[in-house]
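And the structure:
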């Protein structure tokens, strides 16, 4: 999967968390989405570690039998969204650098 496809899928993942349902329900939807559209084996190497952490957070939040306190659950959900946004920003910077390098190569030819 290239960086542009990854950034599109991360944006779709963020949209899942904007729906008006409980956090475990959103996380369960996000888990299904990740398994279908963002398999770990297809994640670029530069984003693999961060994405693995995000995936683990989603698995944790999707456990509806968890005895996590509501405040902790809310904090974990916020941390998850921040993690997704940070990875989104990182991948966007990779894309910007790639485009800059391509433009530089064209000017140098």
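Residue numbers (the numbering used here): 241 to 349.
Cβ atoms here follow ideal geometry from the backbone N, Cα and C, with glycine treated the same way.
- In this structure, residue 276 keeps its C-beta atom at 8 angstroms or more from the C-beta atom of residue 330.
- Within the same chain, Cβ atoms closer than 7 angstroms to the Cβ of residue 259 are found at 266, the five residues on either side in sequence being excluded.
- For residue 255 and residue 345, the gap between their C-alpha atoms comes out near 36 angstroms.
- The region 270 to 288 and the region 324 to 343 touch, with three or more beta-carbon pairs separated by less than 8 angstroms.
- Counting the other Cβ atoms within 10 Å of the Cβ of residue 242 gives fewer than 16, which makes it exposed.
- Taking each of 246, 321, 249 in turn and checking the Cα distance to residue 298, the smallest one comes out for 321.
- A straight line joining the alpha-carbon of residue 295 with that of residue 274 spans about 8 angstroms.
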